[in-house]
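Residues in the sequence shown are numbered from 78 upward in steps of one, following our numbering.
Glycine residues also receive a C-beta, built at the ideal position from the N, C-alpha and C atoms.
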Amino acid sequence: MSHPYLNVDTPLGLAHRGGAGEAPENSLRAFRNAVSLGYRYIETDIRATADGVPVVFHDETLQRVTDRVGRIRDLTFSEVKKARIGDAERVHSLQEVLDHFPDIRFNIDIKEDNAVVPVMRLLRREDHLERVCVASFSRNRLLAVREVFGESVCTGLAPSEIAALVGHSRVGRALSVSGRVLPRGSACVQVPPHTTRVRIVTEPFIEAAHARGWPVHVWTIDSPVQMHSLFDLGVDGIMTDRPSVLRSVLDQRKQGVHAG
Numbered sequence: 078m079s080h081p082y083l084n085v086d087t088p089l090g091l092a093h094r095g096g097a098g099e100a101p102e103n104s105l106r107a108f109r110n111a112v113s114l115g116y117r118y119i120e121t122d123i124r125a126t127a128d129g130v131p132v133v134f135h136d137e138t139l140q141r142v143t144d145r146v147g148r149i150r151d152l153t154f155s156e157v158k159k160a161r162i163g164d165a166e167r168v169h170s171l172q173e174v175l176d177h178f179p180d181i182r183f184n185i186d187i188k189e190d191n192a193v194v195p196v197m198r199l200l201r202r203e204d205h206l207e208r209v210c211v212a213s214f215s216r217n218r219l220l221a222v223r224e225v226f227g228e229s230v231c232t233g234l235a236p237s238e239i240a241a242l243v244g245h246s247r248v249g250r251a252l253s254v255s256g257r258v259l260p261r262g263s264a265c266v267q268v269p270p271h272t273t274r275v276r277i278v279t280e281p282f283i284e285a286a287h288a289r290g291w292p293v294h295v296w297t298i299d300s301p302v303q304m305h306s307l308f309d310l311g312v313d314g315i316m317t318d319r320p321s322v323l324r325s326v327l328d329q330r331k332q333g334v335h336a337g
């Protein structure tokens, strides 16, 4: 049975970092812009402060997108809140964002090990498991989340798991390997179209994911031509920094940006 997070009938539009090409990344302004365009799925990043507060922020340090410096994990939340994104908006906690957008489903990318336990505490305490998908480039982080929540949590796949699925889609004999590596339960496959050496998103790859009941979401796509091509190939969702562009593409295809 599909996880409630994945109960959708049309291709998904996911606003990457809220739609970083149209508003400051991971800001309430970006999230509001995506929601105003009809999005009900937003991708964002999570780090944890020195006092264990999960915050919505991509980088290890503040300086690229705020007026402050310092590493998130070395600062308390009260210190991080003093930073301003674009001289206006402060950095928000995951709790604040979930509360501010109660009808939105979030794809959260856990960026560091120290954020895993704080995120799990929040998800358990506030019962947000049906509206959150947990992603990470670290398999250990994903394993920790799966161990605690089992099939009640939806997760993305780690790079090693994606590699196993690619192998399975290319040669059937990889089944024994992928069976040991790939997770059981609710997951979605979130990948770039290709790496520098390997094309990932192919028809056999999509079929291999769908055979396990997993939708395929492709990131980060800003070209309307590429969006159309990927949907024609059969992908289930696209993450974009340009939510207005993806909205236009889905309107042309007579499909909404969400269903849920």
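H294 sits in a strand when the DSSP states are folded into three classes. Our two residues, G290 and V146, have alpha carbons roughly 43 Å apart in a direct line. Excluding sequence positions up to five before and after A92, its CB lies within less than 6 Å of the CB of A111, Y116, I119 and P320, all in the same chain and listed in chain order.
Nearest Cα to F134 within the set L114, R109 and R167: R167. Secondary structure within the region 205-245: the alpha helix (DSSP H) runs of 4 or more consecutive residues, fully enclosed, are 216-226 (chain order). Taking a cut-off of 8 Å on C-beta distances, the region 228-244 does not touch the region 140-158, as fewer than three cross pairs fall below it.
Judged by their CB atoms, D299 and T317 are nearer to each other than the 7 Å cut-off. Taking the Cβ atoms as the reference, R150 lies roughly 6 Å from A125, within the contact range of under 8 Å. For V326 and A286, the gap between their C-alpha atoms comes out near 24 Å. Assigned with DSSP and collapsed to three states, E280 falls in helix. Annotation: P81 to R201 spans about 16 Å, alpha carbon to alpha carbon. DSSP lists R276 as the beta-bridge partner residues of H271. A direct Cα-to-Cα measurement between V209 and V174 gives close to 12 Å. With 16 or more neighbouring CB atoms inside 10 Å of its own CB, F108 falls in the buried class. Per the coordinates, the alpha-carbon of R106 lies some 24 Å from the alpha-carbon of P301.
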